[in-house]
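This report refers to the structure that appears directly beneath it.
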Amino acid sequence: MLHIRVAFMSPKITTASALEMEKGALTRNYNPLPVVAAKAKGAWITDVEGKKYLDCLAAYSAVNFGHGNKTLIKAAKRQLDRVTLTSRAFHHDALGPFAKELADLLGMDMVLPMNSGAEAVESAIKVARAWGYRVKGVPAGKAKIIVAENNFHGRTISIVSFSSDESSRKDFGPFTPGFVKVPYGDAEALEKAMDDSVVAVLLEPIQGEAGIVTPPKGYLKAVRTITKAHNVLFIADEIQSGLGRTGATVQCQNEKVTPDMYILGKALGGGIVPVSAVVGTADVMGVLKPGQHGSTFGGNPLAAAVGLAVVRMLAKGDIQKRSQRLGKHLLKRLQSLVGKGVLEVRGAGLWAGIDIDPSLATGREVCEALMARGVLAKDTHGSTIRLAPPLVVSKKDLDWGIDQLEAVLAQMRAQ
Ligand SMILES: *Cc1c(COP(=O)(O)O)cnc(C)c1O
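Note that this note's numbering has the sequence shown beginning at 86, numbered continuously upward.
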């Protein structure tokens, strides 16, 4: 049968028309590359013109398991047909399994489900403060949390209150007090900042937005020792580093440390829905009582079903091993570019920060040249670019992507 729907069909969206519509209708809080995605599969994004791009950002690691991951889409579809939202005023049958299996995956006791990463960070801060007053006995209103310079933990008022990035703070004050910044990777500075009113240390095990900055060997262990000695909680923000990206379930496991709370987000939603969580020990998480914290959508049935499928995938361990194996290959190839337009390469698992020689090009210029060759990557802090392809990327595709970077740098050096 022929369906005649011309009258109702919206005109075909082109790159130009999409950008034109966004202009004026969308706040300009981002400066994206001019690629308009229409669909995606695995490690590849197809734009509205039909051009294919290798996704080397994976939505900042939210798409660790690949676009359109069959297992995850199936879990989501099944849940869509059953129940999608109840609020936490009632129970639903996906939440228990999600909480139990996520806690087990990390060797923890309790899960506090939220939606965005920033919300989970805020939640961990509230739990830490409540623990400080109720358990540690810090005088009311005096709790301090130590954070690292150049951190990225999200965009809420309280979180940008302790950011080092002026553009994320300017004109957004007044700010939330109670945070102290110390240099990242400096255990001595952390020890010096300790006093009786400190309730927690909040850190990224690897600083993602800062440019995949890895701390000196043994730093996280020192953080654990110092926090234990001072009866202070250690909160690991694994929103970007966790869930397979660094070749482990969480980066803390690579460093053989166990914090009091993990903060998870991004890939926990399988690239389908926003799912975040704080996962911690019962003596810490247990401070929350009914009515003291919550979220209408936190732990909703669709989120829990997708999150559970993510947890079960990670429980098998293959994806972490794949990330490790491909990551070693990626780093080795990137190291060979040092001196050829690259100043330094850092990384863990399938995650790399590449400092481009600023006299050659900005990170943005490299990303634009990569885009023209069919590779999508993201710059950060001037001349650093980061690569974080979906962990399901094939070795052949990964090699092709690195070939494009090599070609871009060679071309720029020749100019
Ligand atoms: C992305 C990110 C966040 C914030 O997550 P949103 O979902 O964007 O709110 C917090 N911490 C780290 C380490 C992140 O990478």
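Positions of the beta carbon are idealized from the N, C-alpha and C atoms, including for glycine. Treat the numbers as computed from the prediction; the structure is a model and nothing was measured.
- Item | Buried versus exposed, by CB contacts within 10 Å (16 or more), K351 | buried
- Counted within 10 angstroms of its Cβ, other Cβ atoms place I98 as buried (16 or more) or exposed: exposed
- Message: So, does the segment 347–366 touch the segment 197–205, judging by three or more C-beta pairs under 8 Å?
- Response: yes
- Whole-angstrom Cβ separation of S468 and I441, contact assumed at under 8 Å? 5 Å
- Task: Count the other C-beta atoms from every protein chain shown that fall within 10 angstroms of the C-beta of G329, then say buried if there are 16 or more, exposed otherwise.
- Result: buried
- Answer yes if the segment 482–499 comes into contact with the segment 447–454, meaning at least three C-beta pairs across the two stretches below 8 Å, and no otherwise. yes
- Item | Other residues of its chain near I130: CB distance less than 6 Å, five sequence neighbours each side excluded | A122, Y138, D140
- Enclosing beta strand (DSSP E) for P344 [first to last residue]: Careful: P344 lies outside any beta strand (DSSP E) and carries neither H nor E.
- Nearest-angstrom Cα separation, counted from V223 out to V372: 14 Å
- Please specify which runs of the beta strand (DSSP E), each continuous and at least 3 residues long, are wholly inside the segment 90–174, giving them in chain order. 122–126, 129–132, 137–140
- Query: Where does the unbroken beta strand (DSSP E) through I320 begin, and where does it stop?
  - Reply: 318–322
- Ignore the nearest five residues each way along the sequence and tell me which others in F260's own chain have a CB closer than 6 Å to its CB. S246
- Is S201 near ligand 1, judged by its Cβ being under 8 Å from some heavy atom? yes
- 9 Å Cβ cutoff met for L411 and N149: no
- Hey, would you say the C-beta of H466 is under 8 Å away from at least one heavy atom of ligand 1? no
- Contacting residues, own chain, Cβ-Cβ under 6 Å from A184 (five flanking each side not counted): V196
- Query: Using the beta-carbon count (16 or more within 10 Å), is S252 buried or exposed?
  - Reply: exposed
- Query: Does the beta carbon of E234 fall short of 8 Å from some heavy atom of ligand 1?
  - Reply: no
- Please classify R113: is it buried, with 16 or more other beta-carbons within 10 angstroms of its beta-carbon, or exposed? exposed
- Task: Determine, using beta-carbon pairs with one atom in the segment 307–327 and one in the segment 374–389, whether at least three such pairs fall under 8 Å.
- Result: no
- Query: How about G296 and G424: do their beta carbons lie closer than 9 Å?
  - Reply: no
- Query: What do you get for F571, buried or exposed, if any count of 16 or more other CB atoms within 10 angstroms of its CB means buried?
  - Reply: Residue coverage of the chain in this structure runs from 86 to 500, which leaves residue 571 outside it and unanswerable.
- Item | Secondary structure of R240, DSSP reduced to three states | coil
- For K480, the nearest candidate out of A147, M456, R418 (CA to CA): R418
- Task: Consider the C-beta atom of D322 and the heavy atoms of ligand 1; say whether any pair is separated by less than 8 Å.
- Result: yes
- Query: Helix, strand or coil for T366 per DSSP?
  - Reply: coil
- Query: Whole-angstrom Cβ separation of A321 and Y347, contact assumed at under 8 Å?
  - Reply: 5 Å
- Do A128 and I291 come within 9 Å of each other at the CB atom, strictly closer than that value? no
- Taking all protein chains shown into account, decide if N339 is buried (16 or more other Cβ within 10 angstroms of its Cβ) or exposed. buried
- Answer with buried or exposed for K126, where buried requires no fewer than 16 other C-beta atoms within 10 angstroms of its C-beta. exposed
- Excluding five sequence neighbours on each side, which residues of the same chain lie with their C-beta closer than 6 Å to the C-beta of H466? G296
- Query: Any chance the CB of R40 is under 8 Å from a heavy atom of ligand 1?
  - Reply: With the chain covering only 86 through 500, there is no way to say anything about residue 40.
- Query: What's the call for T156, buried or exposed, on a 16-neighbour Cβ count within 10 Å?
  - Reply: exposed
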